[in-house]
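Participant:
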Amino acid sequence: MKPNALPIPARLLPIFRAGLVFGLLMPFPLWPRISSGQEVQGEGVAAAAVCSAPQTCAWGADGSGQLGDGSQADQHSAVQVAGLTSVTQLDGGDAFSLAVKNDGTAWAWGDNPYGQLGDGTTTRRLTPVQVSSLSGITAVAAGAFHSLALKSDGSVWAWGYNGNGQLGDGTTTRRSTPVLVPGLSGVTRLAAGYQHSLALKNDGTVWAWGVNTYGGLGDGTGDARSTPAAISGFIGITEIAAGDYHSLALKNDGSLWGTGYNQNGELGDGTTTTRYTPVQTTGLSGGITAIGSGAYHSVALKSDGTVWAWGTNANGQLGNETFVTPGLTPAQVSGLNGVSRIAVGHSHTLAIKNDGTLWAWGWNEFGQIGDGTVVDRALAAPVSGISSVTAADGGHRHSLSATGVAPAPTSTPTPTPPFTATSTPVLTATATPVSSSTATPLVSATPTRTATAAPTSTPGGPTATPTPVPCLPGGSSQSAVYRLSAIAYPDHVYTLSAAECAGAQSIYHYRYEGVAFALYASEATGSVPVYRLVNPSGHHLMTWSAAEKDGAEHIYGFTFEGTVAYAPPENTTGASPLYRLNRDGDYFYTISTQERDAAQTSFGYRYEGVAGYAFPPGS
7 MKPNALPIPA
17 RLLPIFRAGL
27 VFGLLMPFPL
37 WPRISSGQEV
47 QGEGVAAAAV
57 CSAPQTCAWG
67 ADGSGQLGDG
77 SQADQHSAVQ
87 VAGLTSVTQL
97 DGGDAFSLAV
107 KNDGTAWAWG
117 DNPYGQLGDG
127 TTTRRLTPVQ
137 VSSLSGITAV
147 AAGAFHSLAL
157 KSDGSVWAWG
167 YNGNGQLGDG
177 TTTRRSTPVL
187 VPGLSGVTRL
197 AAGYQHSLAL
207 KNDGTVWAWG
217 VNTYGGLGDG
227 TGDARSTPAA
237 ISGFIGITEI
247 AAGDYHSLAL
257 KNDGSLWGTG
267 YNQNGELGDG
277 TTTTRYTPVQ
287 TTGLSGGITA
297 IGSGAYHSVA
307 LKSDGTVWAW
317 GTNANGQLGN
327 ETFVTPGLTP
337 AQVSGLNGVS
347 RIAVGHSHTL
357 AIKNDGTLWA
367 WGWNEFGQIG
377 DGTVVDRALA
387 APVSGISSVT
397 AADGGHRHSL
407 SATGVAPAPT
417 STPTPTPPFT
427 ATSTPVLTAT
437 ATPVSSSTAT
447 PLVSATPTRT
457 ATAAPTSTPG
467 GPTATPTPVP
477 CLPGGSSQSA
487 VYRLSAIAYP
497 DHVYTLSAAE
507 CAGAQSIYHY
517 RYEGVAFALY
527 ASEATGSVPV
537 YRLVNPSGHH
547 LMTWSAAEKD
557 GAEHIYGFTF
567 EGTVAYAPPE
577 NTTGASPLYR
587 LNRDGDYFYT
597 ISTQERDAAQ
607 TSFGYRYEGV
617 AGYAFPPGS
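Residues 7 to 625, numbered by the working numbering, are exactly what the sequence shown covers, in order.
1) Rounded to whole angstroms, what's the CA-CA distance from L26 to G260? Just pull it up for me.
2) Which whole-angstrom value describes the C-beta separation of V487 and F523, a residue pair presumed to lie in contact below a C-beta threshold of 8 Å?
3) Short of 6 Å in beta carbon distance, which residues of its chain neighbour V389, apart from the five on each side in sequence? Order them along the chain.
4) Alpha carbon to alpha carbon, how far is Q47 from H82?
5) Since I243 and G210 are thought to touch, with beta carbons under 8 Å apart, how far apart are those beta carbons, to the nearest angstrom?
6) Secondary structure at R383, three-state DSSP: helix, strand or coil?
7) Look up G509 in the DSSP assignment and say whether it is helix, strand or coil.
8) For the candidate residues I358, G322 and L334, whose alpha-carbon lies nearest to that of N370?
9) When DSSP labels each residue in this structure, what does S608 get in the three-state scheme?
10) Where does G298 land, buried or exposed, given buried means 16+ other C-beta within 10 angstroms?
11) When you compare only the Cα positions, how much space is there between S138 and R131?
12) To the nearest angstrom, report how far apart T278 and N268 are at their CA atoms.
13) Can you give me the C-alpha to C-alpha distance between S203 and S191, rounded to a whole angstrom?
14) If you drop the 5 nearest sequence neighbours on each side, which residues of the same chain put their C-beta closer than 6 Å to that of L324?
15) What does the Cβ neighbour count give for E614, buried or exposed, with the cut at 16 atoms within 10 Å?
16) May I ask you to report which of helix, strand or coil DSSP gives E245?
17) Go through the segment 550-614 residue by residue and report every complete run of the beta strand (DSSP E) that reaches 3 residues or more, in order.
18) Taking the straight line between their C-alpha atoms, what separation do you get for P119 and T288?
19) If you follow the beta strand (DSSP E) that Q286 is in, where does it begin and where does it stop?
20) Please state whether DSSP places A155 in a helix, a strand or coil.
21) According to DSSP, is A315 part of a helix, a strand, or is it coil?
22) Under 8 Å: do the segment 578-590 and the segment 600-619 share three or more Cβ pairs, one atom per stretch?
23) Specify the secondary structure class of A230 as computed by DSSP and reduced to three states.
24) Which same chain residues, not among the five before or five after V146, have their C-beta less than 6 Å away from its C-beta?
25) Taking just the CA atoms, how far does A88 sit from D361?
26) Kindly provide the ranges of any beta strand (DSSP E) runs that are 3 or more residues long and lie completely inside the segment 332-377, ordered along the chain.
27) Helix, strand or coil: how does DSSP classify A88 here?
28) I need the straight-line Cα distance from Q61 to T501, nearest angstrom please.
29) State the Cα-Cα distance for the pair G300 and G557, rounded to the nearest angstrom.
30) Determine contact between the segment 159-166 and the segment 216-226, defined as no fewer than three beta-carbon pairs at a distance below 8 Å.
31) Provide the residue span of the beta strand (DSSP E) that contains Y200, from first to last.
32) Would you tell me roughly how many angstroms separate the C-alpha atoms of S232 and G199, rounded to the nearest one?
33) What number of angstroms, rounded off, separates the C-alpha of S309 from the C-alpha of I358?
34) Rounded to the nearest angstrom, how far is the Cβ of A101 from that of H402, given a contact under 8 Å?
35) Given this structure, state the Cα-to-Cα distance separating S528 from S485, to the nearest angstrom.
36) Using only the alpha-carbon positions, how far apart do E554 and I348 sit?
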């Protein structure tokens, strides 16, 4: 998969190990990283079985069952996908996985709120289930929340989320079973971006549909399409790839072209200018045999077995032994040769070598590199415990591999505690909903907004490394809670500390979004303590509930870090309900009903209830 995975852009905390950080009492923690051949010790994860032929294996985040091993426990090295063998092709979505078997059936597992597993339900599956009503499948492609399948007769089928027309059936109706994409025939390749889809036909034309905010459909507009249309600048095409908001195509003359989002240089044309029609990638002089796209980076394999990468590099996904600095033109991945296939996750990259070993680098917060650690890598490292790899792919926070079965000729190249409003006590007293005027409405349906700061130029998408801006209290008479978002992936960070807010920007290249809400800095009459806890994976939980604090400590293994602020009681003049949502351990807090609703309907966040009460920014 090449999604964000959420722009929210969600969906992953690669820079430092925290989901939501509220007013840390210490300096910004240094995220451990490897930029050369240094060794690191693993972090005491559950023992993983060695995967060998003819098994299907997975590793990384498993909060939604996307590893398919029957659990929801993250794995830092490979484990077997239950009962799935004879796999010819794999693709990873945001928190789900797809596979094709050599009998032409398609299988799916993981998260399923939009029917993206295609089994006729919206039930999460911890082990593989067969996609309904499909046979003769040669390839699958996974977007953030939608799925595509190619049949041997050249027809394309789609299912899952369809809010931007990414299923291509002329509607925006989500589907839990496959529907035929009309008007397409003779298709040989598929690619799925965050919420757009691509199909390559046997006449060398590329057809696109779905979200088009940044020109990923290449038609010169920013308008979404619910039916396929040809990209006029893509002719004589032999390979395609889709990132979150950009698309790539390899021509039969060996040149590479791209269209769409480019603020991290993911089109490789030497600029950070977003393109609405195709432009040529520079610096690759022929010999390209395969291409791939992550959320905001791109990769190419050359016939000499070398791998080249460009785009964002915040987590070392370019493999050039550095972090942060984006590459605006392709550069060779360091120390890697003899590669026969490439695969790309959200912010990590994988390569199969001629000897059947699998190598990976980039973002590793959930163990998706598969080296037994949770350390980002800017240098390729072998995935431990597997061999004879014939197919692989990266999802948002996880990776997949298959062994022992030759790929089909047409194929495209720590548990999160279940805190919910009903299962764990949270404050859910009825309150008047906060007015939508208290927050800037979402743009492109992404849970990022600028509370009191000016909107970014590309709301909902990534940006190039921003210039740090002062973390001002936004006029609030209370203690301001700052919100920041990561550039290269969907991560939102909250802090009460202006110093930490500044450090997040200047050191870790987060984007400042403004004051999200405000709390009391010290105890006031009737105020409620705000507790902060952290789990062994580094995810921070904020709760206004003493009962939930105790449950998190004694049942789920969280460590109590202290009382960091005080919240107003429900009946306090000017106080608003603060909504809490969760997605794979990423706790998202907002006083905006618009953000709350969009996070659920568009991005798969689970609403957990009213966490407590807070003051709007500037109150």
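Quick reminder that beta carbons are idealized off the backbone N, C-alpha and C, glycines included.
Facilitator: The short version:
1) Low confidence applies to L26: its pLDDT is 32, below 50, so where it sits in the model is not reliable, and the reading given next is rough at best. Between L26 and G260, the C-alpha separation is close to 45 Å.
2) Between F523 and V487 the Cβ distance is about 5 Å, and since that is below 8 Å, they are a contact.
3) Scanning its chain for C-beta atoms nearer than 6 Å, with the 5 sequence neighbours on each side dropped, one finds around V389 the residues L364, A366 and G376, in chain order.
4) Unreliable positioning characterises Q47 in this predicted model, as indicated by a pLDDT of 31, which lies under 50. The coordinate reading is nonetheless provided below. Looking at the backbone, the Cα of Q47 and that of H82 are separated by about 12 Å.
5) Indeed, because the Cβ distance is near 5 Å, the residues count as touching under 8 Å.
6) Strand at R383.
7) In this structure, G509 counts as helix in the three-state DSSP scheme.
8) Check the Cα spacing between N370 and each of I358, G322 and L334: the tightest is with G322.
9) Helix.
10) Buried, since its Cβ has 16 or more Cβ neighbours within 10 Å.
11) So the alpha carbons of these two residues sit roughly 14 Å apart.
12) Their backbone Cα atoms lie some 5 Å apart in a straight line.
13) Answer to the nearest angstrom: the Cα atoms are 15 Å apart.
14) Excluding residues within five positions, the ones whose Cβ falls inside 6 Å are A315 and G333.
15) Burial state of E614 is buried, judged by a 10 Å Cβ sphere holding 16 or more other Cβ atoms.
16) Three-state result, E245: strand.
17) As far as the segment 550-614 is concerned, its whole beta strand (DSSP E) runs of at least 3 residues are 565-573, 582-589 and 592-596.
18) Using only the alpha carbons, I get a separation of about 40 Å.
19) That run of the beta strand (DSSP E) goes R281 to Q286.
20) For A155, the secondary structure class from DSSP, reduced to helix, strand or coil, is strand.
21) In this structure, DSSP gives A315 an extended state, which the three-state scheme calls strand.
22) Using a C-beta cut-off of 8 Å, the segment 578-590 makes contact with the segment 600-619, since at least three inter-stretch Cβ pairs fall below that distance.
23) Looking at A230 - three-state DSSP - the assignment turns out to be coil, as it is neither helix nor strand.
24) Excluding sequence neighbours, V146 sits near D97, L104, V106, A112 and A155.
25) Rounded to the nearest angstrom, the two C-alpha atoms are 26 Å apart.
26) The segment 332-377 contains these whole beta strand (DSSP E) runs: 345-350, 354-359 and 364-368.
27) Strand.
28) Distance from the CA of Q61 to the CA of T501, rounded to the nearest whole angstrom, comes to 44 Å.
29) Distance between the alpha carbons of G300 and G557 is about 38 Å.
30) Not touching, per the Cβ criterion.
31) Per DSSP, Y200 belongs to no beta strand (DSSP E) and is neither H nor E.
32) Per the coordinates, the alpha-carbon of S232 lies some 15 Å from the alpha-carbon of G199.
33) Rounded to whole angstroms, the gap between the alpha carbons of S309 and I358 is 14 Å.
34) At roughly 6 Å, the Cβ-Cβ gap stays under 8 Å, so A101 and H402 are in contact.
35) One C-alpha to the other measures close to 9 Å.
36) Their Cα atoms are separated by approximately 44 Å.
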